[in-house]
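Visitor:
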Amino acid sequence: MRVTDGTAGARILAFGGYQPARVVTNDEIAEQVDTNDEWIRSRVGIVSRRIAGPDETVADMAVAAGGKALAASGLSPADIDLVIVATCTPEAPIPNTAATVATRLGIVAPGAFDLNAACAGFCYALGTASDAVRAGTSRHVLVIGAEKLSQWVDWTDRSTCIIFADGAGAAVVGPADDADVGIGPVVWGSDGGMADKIFIKDRQSFIVQEGQAVFRWATTALHPVALKACERAGVAPGELAAFVPHQANLRIIEAIARKLGAPQALLATDIINSGNTSSASIPLALSAMIERGEVGSGSPVLLLGFGAGISYAAQVITVP
Amino acid sequence: MAMTEQEILAGLGEIVDEVAGVPADQVTPDKSFVDDLDIDSLSMVEIAVAAQDKFGVEIPDDQLKNLKTVQDVVTYVQNAEVSA
Numbered sequence: 001m002r003v004t005d006g007t008a009g010a011r012i013l014a015f016g017g018y019q020p021a022r023v024v025t026n027d028e029i030a031e032q033v034d035t036n037d038e039w040i041r042s043r044v045g046i047v048s049r050r051i052a053g054p055d056e057t058v059a060d061m062a063v064a065a066g067g068k069a070l071a072a073s074g075l076s077p078a079d080i081d082l083v084i085v086a087t088c089t090p091e092a093p094i095p096n097t098a099a100t101v102a103t104r105l106g107i108v109a110p111g112a113f114d115l116n117a118a119c120a121g122f123c124y125a126l127g128t129a130s131d132a133v134r135a136g137t138s139r140h141v142l143v144i145g146a147e148k149l150s151q152w153v154d155w156t157d158r159s160t161c162i163i164f165a166d167g168a169g170a171a172v173v174g175p176a177d178d179a180d181v182g183i184g185p186v187v188w189g190s191d192g193g194m195a196d197k198i199f200i201k202d203r204q205s206f207i208v209q210e211g212q213a214v215f216r217w218a219t220t221a222l223h224p225v226a227l228k229a230c231e232r233a234g235v236a237p238g239e240l241a242a243f244v245p246h247q248a249n250l251r252i253i254e255a256i257a258r259k260l261g262a263p264q265a266l267l268a269t270d271i272i273n274s275g276n277t278s279s280a281s282i283p284l285a286l287s288a289m290i291e292r293g294e295v296g297s298g299s300p301v302l303l304l305g306f307g308a309g310i311s312y313a314a315q316v317i318t319v320p
Numbered sequence: 001m002a003m004t005e006q007e008i009l010a011g012l013g014e015i016v017d018e019v020a021g022v023p024a025d026q027v028t029p030d031k032s033f034v035d036d037l038d039i040d041s042l043s044m045v046e047i048a049v050a051a052q053d054k055f056g057v058e059i060p061d062d063q064l065k066n067l068k069t070v071q072d073v074v075t076y077v078q079n080a081e082v083s084a
C-alpha cells in the first residue's frame with residue numbers, strides 16, 4: 001500500500017474575519033437584566049459585542065470569513081481540498097456546516113467536516129489542517145471558526161448574556177518548505193472531569209458556566225500549556241510578537257499573559273468590542289491585528305484556545 | 001516550618017500588589033478586601049492561587065468567600081500551616 005508524499009511543513013497563507021453588523025452595548029443589556037456597564041467592563045472587560053441577525057446562520061458567518069481569507073490568499077476555490085469548520089453552536093447537528101460552506105464558496109467536493117472543541121476549536125482545527133498538509137493528505141485547507149452563541153444563551157441570565165457573542169474567523173493553510181515552516185506543533189489536551197463547568201444540558205437548554213471555577217482553572221492550568229507550545233516550536237516566549245488567547249474574559253487573558261514571561265508580546269484584547277465568540281475569537285482577533293498592521297509578516301504569534309470540555313490547545317504560528 | 005504572622009502579612013502584601021496593584025504597605029490586617037482595597041472576587045481567586053504557591057496552603061473557592069479582611073486570610077494561612 002502506498003503512502004502520501006508530504007511536505008516539510010505547513011503555514012498560514014491568509015486570515016479573514018467577519019463580525020455581524022449589530023452592535024449591542026452593555027447599556028442595552030442592562031435594560032433587560034440587572035447589571036451595569038461599569039460592572040461588565042471591570043469583571044469581563046467587554047464594552048460592546050456583535051450579535052448576529054435572527055436569520056443569520058453560523059454558515060452565513062463562516063462563508064463571510066472564509067471568503068475573505070480565500071480572497072486574501074490569492075488562491076482560487078479550486079485550490080482548496082479540505083474545509084474544516086470549528087463550531088459548537090450550529091443550528092442543527094446535520095448537515096455539517098463545512099460542506100455547505102464549501103459549496104457556497106464554490107469549492108468543489110473538498111473533504112469537509114465540523115469540529116467541536118468549543119473555544120479551543122480553532123487551534124484544534126489548525127493543528128489538524130497543518131497535519132493534513134504535512135502528511136500530504138491535503139494541499140490547501142480552509143479552516144474556519146464560526147459561532148452563533150447568542151442562539152444558545154439565556155438572555156435573562158446576567159451571568160452569561162453579558163459575555164457570549166457571534167462572529168467568524170478563517171485561515172487558509174498551505175504547504176511550507178523547511179525554511180518557511182509557519183505552524184508549530186500543537187499542544188492539546190482535555191479534562192473531562194470538569195465537563196460540568198461549562199455546558200448546555202440538552203436541546204431546550206442554554207449555556208451554563210461556573211465562572212469562578214473556570215477562572216481559577218484558566219489562570220493556573222493554561223500558562224504551562226502555552227509555554228510548552230513555545231518550547232515545542234523552538235520559539236522562546238521572549239521572541240513572541242503577540243499572544244492571542246481565546247477571548248474568554250479580559251481578566252483571564254491578562255492573568256495568563258502575566259505568567260508567560262513575554263512582556264514584549266502584544267496581547268490580543270479583541271473581547272473588548274467583540275465579546276466571547278468561542279472558536280471564532282482567536283482568528284477574529286488575529287485577523288484584526290494583522291489588518292491594523294500590529295504584527296509584521298513572518299513574526300511568531302502564540303495562540304491558546306481553551307473552553308468547554310474542558311478542552312485546550314496551543315501552537316505558535318508565523319504571521320502570513 | 002510555620003511562618004510568623006508578620007511573614008505571612010508581608011507575603012500577602014506582595015501578592016496583593018502583584019495581582020491587584022495595591023501597594024503592599026496598604027495591606028494591613030484591618031483592611032477589608034472589597035470595601036477598603038477595592039479588590040473583587042476574581043482578584044480574590046488570583047490571590048488565593050498565589051497564596052497556595054507562596055505558603056503551600058490551599059484556599060478553595062467555598063472558603064474564599066468567608067475571608068473578608070486581610071487578617072482573615074493571615075489567620076487562615078496560619079491555622080492551615082499548624083495543622084499541616
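In order, the protein sequence lines correspond to chains R and H. Each residue of the first sequence is one higher than the last, beginning at 1 in the numbering used here. Each residue of the second sequence is one higher than the last, beginning at 1 in the numbering used here. For every residue, glycine included, the Cβ atom is placed at its ideal position computed from N, Cα and C. Note that the structure is a prediction, hence the values are computed from the model and not measured.
Any Cβ of chain R within less than 8 Å of the Cβ of residue 41 (chain H)?
Guide: Answer yes: the Cβ-Cβ gap between residue 41 (chain H) and chain R drops below 8 Å somewhere.
Visitor: Could you please give the first and the last residue of the uninterrupted alpha helix (DSSP H) stretch that includes residue 10 (chain R)?
Guide: It is not in any alpha helix (DSSP H) - residue 10 (chain R) instead sits in the beta strand (DSSP E) that spans 9-18.
Visitor: When the distance is taken between beta carbons, is residue 29 (chain R) closer than 8 Å to residue 163 (chain R)?
Guide: Cβ atoms of residue 163 (chain R) and residue 29 (chain R): not closer than 8 Å.
Visitor: Would you mind giving the Cβ-Cβ distance between residue 40 (chain H) and residue 34 (chain H), rounded to the nearest angstrom? I have them listed as a contact below 8 Å.
Guide: With 8 Å as the limit, residue 40 (chain H) and residue 34 (chain H) qualify as a contact, their Cβ atoms being about 7 Å apart.
Visitor: If residue 46 (chain R) and residue 275 (chain R) are in contact, beta carbons under 8 Å, what's the gap, nearest whole angstrom?
Guide: Residue 46 (chain R) to residue 275 (chain R), Cβ: 5 Å. Contact.
Visitor: Could you check whether residue 220 (chain R) and residue 252 (chain R) sit closer than 8 Å to each other, using their CB atoms as the reference points?
Guide: For residue 252 (chain R) and residue 220 (chain R), no; Cβs fall outside 8 Å.
Visitor: In this structure, how does DSSP classify residue 39 (chain R) when only helix, strand and coil are distinguished?
Guide: Of the three classes helix, strand and coil, the one that applies to residue 39 (chain R) here is helix, per DSSP.
Visitor: Can at least three beta-carbon pairs, one atom from the region 277-296 of chain R and one from the region 236-251 of chain R, be found at a separation below 8 Å?
Guide: Touching, yes, given that three or more Cβ pairs across the two stretches are closer than 8 Å.
Visitor: Roughly how many whole angstroms lie between the Cα atoms of residue 35 (chain R) and residue 54 (chain R)?
Guide: Distance between the alpha carbons of residue 35 (chain R) and residue 54 (chain R) is about 24 Å.
Visitor: Should residue 67 (chain R) go down as buried or exposed, given a rule of 16 or more other Cβ atoms within 10 Å for buried?
Guide: Answer is buried; the Cβ neighbour count reaches 16.
Visitor: Taking only beta-carbon positions, decide if residue 204 (chain R) is within less than 8 Å of chain H.
Guide: Not an interface residue.
Visitor: With a CB to CB cut of under 7 Å and the five nearest residues on each side skipped, what residues in its chain are close to residue 52 (chain R)?
Guide: Same-chain partners within the cutoff: 20, 61, 148, 150 and 166.
Visitor: Curious, which full-length alpha helix (DSSP H) runs of at least 4 residues does the region 254-278 of chain R contain?
Guide: Within the region 254-278 of chain R, the complete alpha helix (DSSP H) runs of at least 4 residues are 271-274.
Visitor: Evaluate residue 11 (chain R) with the Cβ neighbour count: other Cβ atoms within 10 Å of its Cβ, from every protein chain shown; 16 or more gives buried, anything less gives exposed.
Guide: Buried, by the Cβ-count rule.
Visitor: Just to confirm the assignment, what range does the alpha helix (DSSP H) spanning residue 28 (chain R) have?
Guide: 26-30 is the extent of the alpha helix (DSSP H) around residue 28 (chain R).
Visitor: I'd like the span of the alpha helix (DSSP H) that includes residue 8 (chain H), first residue to last.
Guide: From DSSP, the alpha helix (DSSP H) with residue 8 (chain H) extends over 5-20.
Visitor: Which residues of chain R have a Cβ atom closer than 7 Å to the Cβ of residue 36 (chain H), listed in chain order?
Guide: Per Cβ cutoff of 7 Å: no residues; residue 36 (chain H) is ~17 Å from chain R at best.
Visitor: In the structure shown, what three-state DSSP assignment does residue 283 (chain R) receive?
Guide: Reduced to three states, the DSSP call for residue 283 (chain R) is helix.
Visitor: If you count every other CB in all the chains shown that lies within 10 Å of the CB of residue 1 (chain R), and 16 or more means buried, which is it?
Guide: Residue 1 (chain R) should be labelled exposed.
Visitor: Closest to residue 48 (chain H) by C-alpha separation, out of H:72, H:23 and H:82, would be which residue?
Guide: Out of H:72, H:23 and H:82, H:72 has the C-alpha closest to the C-alpha of residue 48 (chain H).
Visitor: Taking the continuous beta strand (DSSP E) assigned at residue 212 (chain R), which residues delimit it?
Guide: Careful: residue 212 (chain R) lies outside any beta strand (DSSP E), inside the alpha helix (DSSP H) at 211-233.
Visitor: Examine chain R for any beta-carbon lying closer than 8 Å to the beta-carbon of residue 109 (chain H), and answer yes or no.
Guide: In this structure chain H extends from 1 to 84, so residue 109 (chain H) is not present and cannot be described.
Visitor: Confirm, please, whether the CB-CB distance from residue 15 (chain R) to residue 170 (chain R) is below 8 Å.
Guide: Closer than 8 Å, so yes.
Visitor: Is the Cβ-Cβ distance between residue 135 (chain R) and residue 82 (chain R) less than 8 Å?
Guide: Contact: no.
Visitor: Can you tell me whether residue 153 (chain R) is helix, strand or coil according to DSSP?
Guide: Here residue 153 (chain R) sits in coil by DSSP.
Visitor: Around the C-beta of residue 216 (chain R), are 16 or more other C-beta atoms found within 10 angstroms, so that it is buried, or is it exposed?
Guide: Buried, because 16 or more other Cβ atoms sit within 10 Å of the Cβ of residue 216 (chain R).
Visitor: Taking CB distances under 8 Å as the criterion, tell me whether residue 134 (chain R) reaches chain H.
Guide: So, not an interface residue.
Visitor: Determine, using beta-carbon pairs with one atom in the region 262-269 of chain R and one in the region 227-242 of chain R, whether at least three such pairs fall under 8 Å.
Guide: Verdict: yes, contact present.
Visitor: From residue 64 (chain R) to residue 183 (chain R), what distance separates their C-alpha atoms?
Guide: Whole-angstrom Cα-Cα distance: 24 Å.
Visitor: Alpha carbon to alpha carbon, how far is residue 49 (chain R) from residue 152 (chain R)?
Guide: Cα to Cα, residue 49 (chain R) sits roughly 16 Å from residue 152 (chain R).
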